[in-house]
Amino acid sequence: MMPNTQTNPSAIPARPNAIEIKKVDIYYGSYRAVHDVNIDIHDRKISAFIGPSGCGKSTVLRAINRMNDLVIGARLEGEIIFQGRNLYGADIDPVEVRRRIGMVFQKPNPFPKSIYDNVAYGPRLLGIKDKATLDEIVESSLKRAALWDEVKNDLKKSGMALSGGQQQRLCIARTIAVEPEVILMDEPCSALDPISTQRIEELMLELVDQYTIVIVTHNMQQAQRVSDYTAFFSIRRTEDEATGKDTRWGELVEFEQTDQLFSRPAKKETADYISGRFG
Amino acid sequence: MSNLVDVGVYRSDVIRRNTRARWMQNIYFSTLIIAIIVLLLLLFSIINQTFGYVAISQEIKAEQLSDRPLAELQPTELATILLEQTPRLLLVMVRDNLSAVPVDQFTSTPLRDGINGTVPDDLADLTPRDLSGDTGPAAYARLLGDNLSSAQLVALIEVNVLKVEIEQSWTLVESLTQREEIEASVAATEDQEDLVFYSWLNNRLLTQRNSQRVEEAGIGPALAGTFYLLIMTVAISLPLGVGAAIYLEEYAQESFLNRLLETNIRNLAGVPSIIYGMLGLTVFVNTLSFITQGRSILSGALTLSLLILPIIITNSREALRAVPSTIREASYGLGATKWQTVSRQILPAALPGVLTGLILGVSRAIGETAPLIVIGATNSISTFPDSPFSRFSVLPFTIYNWSSQPDAAFKNASSAAIIVLLVLLLIINSAAIFFRNRAISKRV
Ligand SMILES: Nc1ncnc2c1ncn2[C@@H]1O[C@H](COP(=O)(O)OP(=O)(O)OP(=O)(O)O)[C@@H](O)[C@H]1O
Ligand SMILES: [Mg+2]
Numbered sequence: 001m002m003p004n005t006q007t008n009p010s011a012i013p014a015r016p017n018a019i020e021i022k023k024v025d026i027y028y029g030s031y032r033a034v035h036d037v038n039i040d041i042h043d044r045k046i047s048a049f050i051g052p053s054g055c056g057k058s059t060v061l062r063a064i065n066r067m068n069d070l071v072i073g074a075r076l077e078g079e080i081i082f083q084g085r086n087l088y089g090a091d092i093d094p095v096e097v098r099r100r101i102g103m104v105f106q107k108p109n110p111f112p113k114s115i116y117d118n119v120a121y122g123p124r125l126l127g128i129k130d131k132a133t134l135d136e137i138v139e140s141s142l143k144r145a146a147l148w149d150e151v152k153n154d155l156k157k158s159g160m161a162l163s164g165g166q167q168q169r170l171c172i173a174r175t176i177a178v179e180p181e182v183i184l185m186d187e188p189c190s191a192l193d194p195i196s197t198q199r200i201e202e203l204m205l206e207l208v209d210q211y212t213i214v215i216v217t218h219n220m221q222q223a224q225r226v227s228d229y230t231a232f233f234s235i236r237r238t239e240d241e242a243t244g245k246d247t248r249w250g251e252l253v254e255f256e257q258t259d260q261l262f263s264r265p266a267k268k269e270t271a272d273y274i275s276g277r278f279g
Numbered sequence: 001m002s003n004l005v006d007v008g009v010y011r012s013d014v015i016r017r018n019t020r021a022r023w024m025q026n027i028y029f030s031t032l033i034i035a036i037i038v039l040l041l042l043l044f045s046i047i048n049q050t051f052g053y054v055a056i057s058q059e060i061k062a063e064q065l066s067d068r069p070l071a072e073l074q075p076t077e078l079a080t081i082l083l084e085q086t087p088r089l090l091l092v093m094v095r096d097n098l099s100a101v102p103v104d105q106f107t108s109t110p111l112r113d114g115i116n117g118t119v120p121d122d123l124a125d126l127t128p129r130d131l132s133g134d135t136g137p138a139a140y141a142r143l144l145g146d147n148l149s150s151a152q153l154v155a156l157i158e159v160n161v162l163k164v165e166i167e168q169s170w171t172l173v174e175s176l177t178q179r180e181e182i183e184a185s186v187a188a189t190e191d192q193e194d195l196v197f198y199s200w201l202n203n204r205l206l207t208q209r210n211s212q213r214v215e216e217a218g219i220g221p222a223l224a225g226t227f228y229l230l231i232m233t234v235a236i237s238l239p240l241g242v243g244a245a246i247y248l249e250e251y252a253q254e255s256f257l258n259r260l261l262e263t264n265i266r267n268l269a270g271v272p273s274i275i276y277g278m279l280g281l282t283v284f285v286n287t288l289s290f291i292t293q294g295r296s297i298l299s300g301a302l303t304l305s306l307l308i309l310p311i312i313i314t315n316s317r318e319a320l321r322a323v324p325s326t327i328r329e330a331s332y333g334l335g336a337t338k339w340q341t342v343s344r345q346i347l348p349a350a351l352p353g354v355l356t357g358l359i360l361g362v363s364r365a366i367g368e369t370a371p372l373i374v375i376g377a378t379n380s381i382s383t384f385p386d387s388p389f390s391r392f393s394v395l396p397f398t399i400y401n402w403s404s405q406p407d408a409a410f411k412n413a414s415s416a417a418i419i420v421l422l423v424l425l426l427i428i429n430s431a432a433i434f435f436r437n438r439a440i441s442k443r444v
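As you go down the protein sequences, you meet chains D and H in turn. Anchor point for the first sequence: position 60 equals 60 in the working numbering, and the numbering is continuous, going up by one each time. Anchor point for the second sequence: position 232 equals 232 in the working numbering, and the numbering is continuous, going up by one each time.
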């Protein structure tokens, strides 16, 4: 597969769907999971989050569409700016944020409903009832997610009866159906076989002309294959001299164009991690 | 086997562990067998009491009244028999079977209003008091013939004309194994004239009201009372219980008040039911009597709802909690509000568990007697409940009452009533199971 064409960030003209993560700290109760994260996610580009397990990739990703609000005790300090507004401002409704910033999860999680109802679920939430309109949305979303040809004769079939890879594409179709501007993907291929993984990767490269995509992955090759930008996170730890208590938190080490980060990493830590010399 | 890895810490004790497993398996199996045997014994004893020979006596034989069997006669012909044989009892029969007004107002109310059914035009304006002369019986016979079914009229004839009395009853086993002895004993006993094989579970039992005489006693109002009571209890407790469960699981924040609420709900499930009766008496019957009209079905249903709410809430909460979080996340991730997620994903997925809770609750409610006696269910109710505010009677109470009657034949009637109660329970639970299975199969 061809690496996606790289562009100089300063050459991007309008950036309506860019996301600026500014000085973000995220807490679970009193535990600070990540500290001082600053990332400029570019409009209609694929950004990848990589880093060791527990460094807070999912935490940051889920903060972008306020999914962390669902975790009791989770809280964010700092700002995430989207379309000129702080997503954590008092006037922002998280329900609308999640409609505009969709999410695909690690484990394919179709609803226990038919394929049709899975895709139509989001539009129906928004109050669309007209059958013809729904049919159209379902068809175009499934086509966009490269699933249409496989299921077009079987739309009544349960979404759960599809293969893992098909389920994940169904979840992508379901996300697209509410016309979000950004799609967040948390290790979308980690439960899939190589062929399905390749299909999802191809799909991402197709979708990026219309959507800003952020993907968390443990797969370096995947990050290199699909992403334009890569953020590398790592775990920091301090030991309290007096109590001997060990404190850990995740931090952003480096955010760069993908080819640069992998070929000429600015930090030694990054170089160690991507060459497999981590830990 | 034992020589595979038989050294050191890996010393094989497979044989010992397997023996132990087999022992436990046998113990569990025997408890199951014991439970099944006990259940079968229970069913057997109920059925044994419900069918069997009865020795009856009667003053007049049916053949003396008509050359055809009574069951084949038209209602008007049966009414004529009643008119000829028992003219003086017809007023009471009309009042007991057709009156639409309280007993004390019946004689002074025009028949048009006083009768529950069709009244011929020429009688419509008359009151029973106007009919006290010779014209009365003929008029009442017309009313009976027009408004009662053949079966009801035959029952009236049996009781009032033939004066059928059950003198002695035998169980099914006795009837099958000791036929000769029973026949001999009936022949030898003076007032026992006939021996018939009798089913205590019959049409009369299901439709008639309670009575001091076992030949007349039925469970009609009690069956209707139990049925309406259960329907209303479900209608009240299901939405309340599921609502409370949704609040506690999905909306409630972790707080002292909510934790207190949770603990209390769990403890309430263990409170003896009579306490609920006392509560129902003070709250629903007395304090809220302007709504519930006192000792009404509504009061009973509210009390039973309190009784089964903890069961429904606890089961519904467990069902809600068992809904995978991936479904919640998927729904929220698409921009669903909390209520959309709850109503479109979580509740449908939890429905089977909710219905299981309902089945458990209803099964408990259907057999409850104590709180309802406190509330004021009585056995002497002779009218069918016609509104949520009617006084009422319930089956378990009738069963209890009959089984403690001195007349041994009431024990047979009581067994028949138990069968009716069990069948009712079975029907209601089958309905719930049907909906549960449909909910499960909808989860494609
Ligand atoms: N719901 C939660 N409640 C409390 N702590 C949490 C919660 N979710 C994550 N954490 C903590 O936050 C830290 C970051 O977790 P996170 O899931 O973001 O890591 P990750 O980088 O996605 O790891 P992985 O690669 O294994 O998915 C971890 O220390 C984790 O224990
Ligand atoms: Mg993660």
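Where a beta carbon is used, it is the ideal one built from N, C-alpha and C, also for glycine. For clarity, every value in this text was computed on a predicted model and none was experimentally measured.
Restricting attention to H:179, H:387, H:314 and H:382, the CA atom closest to the CA of residue 358 of chain H is found in H:314.
As the crow flies, the alpha-carbon of residue 190 of chain D is around 10 Å from that of residue 165 of chain D. Those residues that bring their Cβ nearer than 5 Å to a heavy atom of ligand 1 are D:28, D:33, D:53, D:54, D:55, D:56, D:57, D:58, D:59 and D:71.
Residue contact with chain H for residue 109 of chain D: present (Cβ-Cβ distance below 8 Å to some residue of chain H). If you check the C-beta of residue 182 of chain D against ligand 2, you find no heavy atom less than 7 Å away.
Residue 91 of chain H is a Cβ neighbour of residue 136 of chain H, given a cutoff of 8 Å. In this model, residue 272 of chain D and residue 45 of chain D are separated by some 26 Å (Cα to Cα). Taking a C-beta cut-off of 7 Å against chain D, the contacting residues of the stretch 323-334 of chain H are 326, 327, 329, 330, 332, 333 and 334, listed in chain order.
Using a CB distance cut-off of 8 Å, residue 72 of chain D counts as an interface residue toward chain H. DSSP places residue 111 of chain D in the coil class of the three-state scheme, outside both helix and strand.
Nearest to residue 119 of chain D by C-alpha distance, out of D:97, D:67 and D:144, is D:144. When Cβ pairs closer than 8 Å are counted between the two stretches, the stretch 183-202 of chain D is seen to touch the stretch 88-105 of chain D, the count reaching three or more. For residue 76 of chain D, the pairing in a beta bridge is given by DSSP as D:26.
Considering only H:107, H:119, H:144 and H:120, the residue with the shortest C-alpha distance to residue 131 of chain H is H:107. Here residue 428 of chain H is not near residue 285 of chain H, since their CB atoms are 8 Å or more apart. Straight-line measurement puts the Cα of residue 363 of chain H at about 20 Å from the Cα of residue 414 of chain H. Residue 221 of chain H and residue 102 of chain H have their C-alpha atoms spaced approximately 16 Å apart. Here DSSP, grouped into helix, strand and coil, assigns residue 135 of chain H to helix.
Contact check for residue 47 of chain H and residue 196 of chain H: beta-carbon distance about 18 Å, past the 8 Å limit, so the pair fails to qualify. Shown here, residue 275 of chain D sits in coil according to DSSP, grouped into three states, outside any helix or strand. For residue 254 of chain H, the C-beta contacts it makes with chain D under 8 Å involve 72, in order along the chain. For residue 43 of chain D, the shortest separation between its Cβ and any heavy atom of ligand 2 does not lie below 7 Å.
Under a 10 Å Cβ-count criterion, residue 42 of chain H is classified as exposed, with fewer than 16 other Cβ atoms of the shown protein chains found around its own Cβ. Residue contact check for residue 350 of chain H against chain D: no CB pair falls below 8 Å. Distances from the alpha-carbon of residue 372 of chain H to those of H:400, H:65, H:83 and H:71 put H:400 closest. The alpha-carbon of residue 274 of chain D is positioned some 46 Å away from that of residue 255 of chain H. Ligand 2 has a heavy atom closer than 7 Å to the beta-carbon of residue 216 of chain D. When the alpha-carbon of residue 412 of chain H is set against those of H:13, H:209, H:208 and H:214, the nearest one is in H:214.
Listed in chain order, the alpha helix (DSSP H) elements of length 4 or more contained wholly in the stretch 266-336 of chain H are 273-280, 289-292, 297-321 and 325-333. The beta carbons of residue 172 of chain D and residue 203 of chain D sit closer together than 8 Å. The contact set of residue 181 of chain D on chain H, defined by CB atoms closer than 9 Å, is empty, because the minimum CB distance reaches about 12 Å. Contact between the stretch 43-57 of chain D and the stretch 13-32 of chain D is present: three or more C-beta pairs spanning the two stretches fall below 8 Å.
In the DSSP secondary-structure assignment, residue 216 of chain D is bridged to D:49 and D:186. Within the stretch 163-189 of chain H, the complete alpha helix (DSSP H) runs of at least 4 residues fall at 172-177 and 179-188.
The continuous alpha helix (DSSP H) containing residue 228 of chain H extends over residues 220-246. Sixteen is the threshold: since fewer than 16 other Cβ atoms of the shown chains lie within 10 Å of the Cβ of residue 263 of chain D, the residue is exposed.
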